[in-house]
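According to this note's numbering, numbering within the sequence shown proceeds without interruption in unit steps and concludes at 310.
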Amino acid sequence: NQCRVWQCSAHHPDIRPKDCPFGEACYNNACRCPHPPTRQLCSNGTECKEFYCRLNHPLGRMAQCEQGNACSNFYCEYLHPPEWDPCEAGSKCVDIMCSHTSHPPDRILQQQQQENNNQELKLPIAKPLKSIEQRQVERQNKPLPILAAQDEFCRRLQKERVLVVRAETGSGKSTQLPQYAAEYFGGRVVCTQPRVIAAISLARRVANEYDGISVGKSVGYRVGHASVGKDNNRVPGTDILYVTDAALVQENQESGILRDTRVLIIDEAHERSLYTDIVLGMAKLILDMRPTESMVVRS
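Printed below as a string of structure tokens:
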């Protein structure tokens, strides 16, 4: 029963594991079944950040960016070639001698503006973001339980301004309700989370569902103070922002992040941490001062 030879023709005890049904495609390091000698596992598993690695990896490994070196999203968290070098300033970069190799297609230098005053500017075509229609088709193809309440949720939120939503785990409330609100109200939606990992993972998933790309465009997150360099904990988002309770309190004190927020969604409110209670108090004050804002409390 110790034999691990793939497709061994000899007789073995019944307790010997059968050949792995996944063969050389098996990525489980703990799999005890016999495998073909051509099977190659990456020792880094889900932590592998090598763009060109062709070994077997678990499903949880970050996917490769479809745009590769051409990706101009400085905050893109998909895998890129080692030579990928986007400019953090993005479309706002005005340095004609900028050493970074990737800029957004809508970046216009001062010299270009002068040259194109009297002629149409032709820009390279970037990957388009998903439309509302595309998102709705995808939701209908893979419906979550919360989809049945989409229209009622938006209408009641507009009318009543404050909603308390209760739903079972896995219903889609944490990923779908912010998208519904952003599409319906047209303003920025801030969704709080009590934990850093939840805020980041939700932002990544929603960015893929909402835009079809990584975070940094319509969807972002903030989980603490900005740090120096590319590996920071604040990624911009124009439509949906996932924020930890603590980060929201700090950000609002420093920059007034809630001034530009149309809908505030407080998730996991039943945990009642200190920062969650502070956020609830802030929301109450904002609702009293600004009659156009709305709030959702989820449990």
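Positions of the beta carbon are idealized from the N, C-alpha and C atoms, including for glycine.
All of these numbers come straight from a predicted model, not from anything done at the bench.
Spatial neighbours of residue i within its chain, please: C-beta separation below 7 Å, excluding the five flanking residues on both sides.
i      : result
Pro189 : Val200, Cys202, Val217, Ile251 and Ile276
Leu52  : Tyr38, Asn40, Leu66 and Asn67
Phe196 : Arg273 and Val274
Gly181 : none
Leu155 : Ser182, Gly183 and Gln187
Cys109 : Cys98
Can you tell me whether residue i is helix, strand or coil according to DSSP?
i      : result
Ile26  : coil
Met306 : strand
Val260 : helix
Val175 : strand
Tyr86  : coil
Arg10  : Outside the displayed range of the chain (12 to 310) lies residue 10, so it cannot be described from this structure.
Tyr286 : helix
Asn67  : strand
Leu52  : strand
Pro156 : helix
Ser266 : helix
Please report the straight-line C-alpha distance between residue i and residue j, rounded to a whole angstrom.
i      : j      : result
Ala160 : Gln187 : 11 Å
Pro47  : Cys59  : 23 Å
Cys31  : Cys19  : 12 Å
Thr57  : Pro93  : 18 Å
Arg72  : Ile143 : 28 Å
Thr287 : Ala280 : 7 Å
Pro115 : Ala81  : 9 Å
Ile224 : Trp95  : 17 Å
Gln169 : Thr112 : 45 Å
Ala294 : Glu99  : 33 Å
Leu36  : Asn219 : According to the sequence as given, residue 36 is Ala; it is not Leu. Near 26 Å, if we compare the C-alpha coordinates of Asn219 and Ala36.
Gln78  : Arg118 : 17 Å
Ser284 : Arg206 : 11 Å
Asp256 : Ile289 : 8 Å
Val307 : Leu213 : 17 Å
Lys153 : Gly198 : 26 Å
Phe164 : Arg177 : 12 Å
Gly235 : Leu70  : 29 Å
Leu269 : Pro302 : 14 Å
Lys103 : Trp17  : 57 Å
Ala74  : His23  : 40 Å
At which residues does the alpha helix (DSSP H) containing residue i begin and terminate?
i      : result
Val217 : Val207 to Tyr221
Ala165 : The sequence shown places Cys at residue 165, rather than the Ala named in the question. Looking at the DSSP string, the run of the alpha helix (DSSP H) that includes Cys165 is Gln161 to Glu171.
Arg150 : Ile143 to Asn152
Val105 : Element bounds for Val105: n/a, residue is neither H nor E.
Please check the pair residue i and residue j, which I expect to be a contact at CB under 8 Å, by giving their CB distance rounded to whole angstroms.
i      : j      : result
Asp299 : Gln204 : Not confirmed; about 25 Å, so no contact.
Leu174 : Arg166 : At roughly 11 Å, the Cβ-Cβ gap does not stay under 8 Å, so Leu174 and Arg166 are not in contact.
Val246 : Tyr89  : Actually they are not in contact, since the Cβ atoms of Val246 and Tyr89 sit about 13 Å apart, beyond 8 Å.
Val254 : Ala210 : 6 Å
Lys141 : Tyr221 : 7 Å
Glu262 : Arg233 : 6 Å
Asn84  : Gly227 : 5 Å
Report all residues from its chain with a CB closer than 8 Å to the CB of residue i; omit the five preceding and five following residues, and keep chain order.
i      : result
Glu304 : Arg172, Thr272, Arg273, Val274, Leu275, Ile297 and Leu298
Ala21  : Cys14
Between which two residues does the beta strand (DSSP E) harbouring residue i extend?
i      : result
Val226 : Here Val226 belongs to no beta strand (DSSP E), and DSSP marks it neither H nor E.
Val254 : Ile251 to Thr255
Gln190 : Element bounds for Gln190: not the beta strand (DSSP E) but the alpha helix (DSSP H), Lys184 to Phe196.
Val200 : Arg199 to Gln204
Leu275 : Thr272 to Ile277
Within the same chain, show all residues whose beta-carbon is closer than 6 Å to that of residue i, passing over the 5 residues directly before and after it, in chain order.
i      : result
Arg150 : Leu158
Pro28  : Arg43 and Cys44
Thr249 : Ser229
Arg50  : Glu35
Please confirm whether any heavy atom of the ligand GTP lies closer than 7 Å to the CB of residue i.
i      : result
Val234 : This structure does not include the ligand GTP; it has no bound ligands of any sort.
Checking contacts by CB at 8 Å: is residue i closer than that to chain B?
i      : result
Tyr195 : Here there is only one protein chain, and chain B is not present.
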